[in-house]
Every structure is written in structure tokens, then in C-alpha cells.
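Numbering (my numbering), first residue to last: 17 to 256.
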């Protein structure tokens with residue numbers, strides 16, 4: 017009887033230790049995720065999305081951009097925060113007040129995205145070179161990334177405004193599908209990105225979506241880390 021009680025007690029202690037260790041691991045993981053995204057329990061964040069470029073309705077959003085917003089809202093929910101969707105034609109407030117997820121790209125459908133590129137991501141240039149077929153590209157550091165049947169691209173960046181505060185996560189793809197790929201990449205790889213850049217360093221990455229017609233967003237890979245080019249050029253221009 018004594019041996020049975022000892023064995024039961026040992027099992028309880030072992031089980032409690034395993035549960036406690038798992039709880040602490042999950043707590044540390046959540047703490048790192050919250051720090052990376054600048055989100056805390058009960059915090060708010062902004063989801064800014066461009067309008068559907070080919071739709072006559074001003075409030076229309078492409079279904080894949082909607083799917084990207086779902087991915088980003090899920091990140092907020094995991095951090096214990098809640099997300100407020102803001103259209104491109106609505107004022108988003110000053111930069112840094114709230115964490116912002118901005119889903120955009122080239123063209124006049126994305127004024128908030130264009131502002132970020134013009135003001136902070138100055139080393140990036142978007143171009144629409146065929147309005148009829150919506151052929152698009154962006155250039156970073158002398159390299160042009162062109163939308164094609166075989167590849168699409170998206171720029172994924174994190175940065176802060178001049179006053180600091182909460183970060184902006186910019187997802188600027190050459191198509192709505194590449195925006196979705198960028199959002200999913202951020203959701204799946206934020207722990208790796210946190211290990212590389214921490215919670216307080218900006219980054220800018222070019223992601224390649226390979227054969228999107230065949231694979232959708234399942235084959236998304238890192239094409240280039242353009243952090244130094246994007247932000248250094250912005251600083252140089254600001255000094256002139």
C-alpha cells in the first residue's frame with residue numbers, strides 16, 4: 017500500500033512538472049510573439065487594406081486580400097489583442113499609436129501603402145507598366161522583381177515611425193495572391209524572424225511565390241533580404 021501511494025505521488029509530481037514546464041514554454045513563446053508584433057493582452061491594432069483595383073466599388077476588397085486580413089487578425093487574436101479593419105480611404109491615425117498591418121501594393125488603390133513607401137521605404141519603387149493586363153513590378157537595390165506566370169513577389173517589412181511606438185508591418189505584393197502569401201509567411205515564420213531581428217529592429221524581405229497558378233501560396237521562399245538597401249536609402253534621402 018505504501019509503495020502504491022509513493023508511486024501515485026511520484027506520478028502526480030512528474031505530471032505537474034511536465035505541465036508546468038509546458039506552461040512556461042508556452043508563456044515565453046507568447047511573450048516573444050507579443051513583443052515581436054508590439055501587441056499585448058487587450059491591445060488594439062489596425063488592419064489597413066487596399067481596395068479591389070479592378071472593381072468599380074470604392075469599398076470592394078479582393079477576396080485574397082480578405083484572406084490575408086484573416087491571417088493577420090488571427091495573429092492579433094493569438095496575442096490576446098483585437099483588430100480593427102480600416103479602408104485605404106479612411107484615416108488611420110498617426111503612425112506608432114497602434115500596431116498596423118498594411119496590405120497593399122502598386123497603383124492608386126493603396127494610398128496608405130504609397131505613403132509608407134514614399135516616406136519610409138524609399139529604396140522601393142513600384143511600377144505598373146501595363147494598365148490593361150495589370151503587369152507590375154517593384155525594384156529594390158537595382159533588382160527588378162516582375163510579376164509573371166511563373167513567379168510573383170511581395171515585399172514584407174517591419175518598421176517604426178520617427179517617434180517610435182508600435183510597429184508597422186507592410187505587405188506589398190504584386191497581386192492579391194502574393195499579399196496573401198506574405199501574410200501567411202509572416203504568420204508561420206514570425207518566430208524565425210524574431211530570432212533574426214528581435215523585437216526592435218526593422219527588416220525588409222522580398223519573398224518569391226513560385227508557380228502561384230499551380231501551388232497557390234504553398235511555395236513561398238525568401239528571395240532577398242533588402243533591409244540595408246531599403247532603409248539606408250531612406251536615411252540618405254532624409255539627410256539631403
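Ideal Cβ positions, reconstructed from N, Cα and C, are used throughout, including at glycine.
All of these numbers come straight from a predicted model, not from anything done at the bench.
Item	Value
Cβ pair count under 8 angstroms reaching 3, the segment 156–168 against the segment 129–136	no
Segment contact, 8 angstroms Cβ cut-off, at least three pairs: the segment 225–242 with the segment 193–203	yes
Straight-line gap, residue 243 to residue 57 (C-alpha atoms, nearest Å)	30 angstroms
C-alpha distance - residue 181 paired with residue 145, whole-angstrom precision	37 angstroms
Residue range of the alpha helix (DSSP H) that includes residue 84	79–94
Residue range of the unbroken beta strand (DSSP E) whose run includes residue 183	180–189
Coil, strand or helix - residue 172 by DSSP	strand
Rounded Cβ spacing between residue 238 and residue 170 (contact assumed at less than 8 angstroms)	Not really, about 11 angstroms apart at Cβ, beyond 8 angstroms.
Inter-residue spacing [alpha-carbon to alpha-carbon] between residue 246 and residue 220	7 angstroms
First through last residue of the beta strand (DSSP E) which encompasses residue 120	115–120
Coil, strand or helix - residue 62 by DSSP	strand
Per-residue burial, residue 183 [other beta carbons within 10 Å of its own, 16 or more giving buried]	buried
Nearest-angstrom Cα separation, counted from residue 121 out to residue 130	8 angstroms
Closest Cα partner of residue 111 within the set 236, 175 and 46	175
Close beta carbons around residue 48, own chain, < 8 angstroms, minus the five adjacent residues each side	207, 210 and 215
Residue 115 to residue 166 span [Cα, whole Å]	34 angstroms
Other residues of its chain near residue 177: CB distance less than 6 angstroms, five sequence neighbours each side excluded	111 and 112
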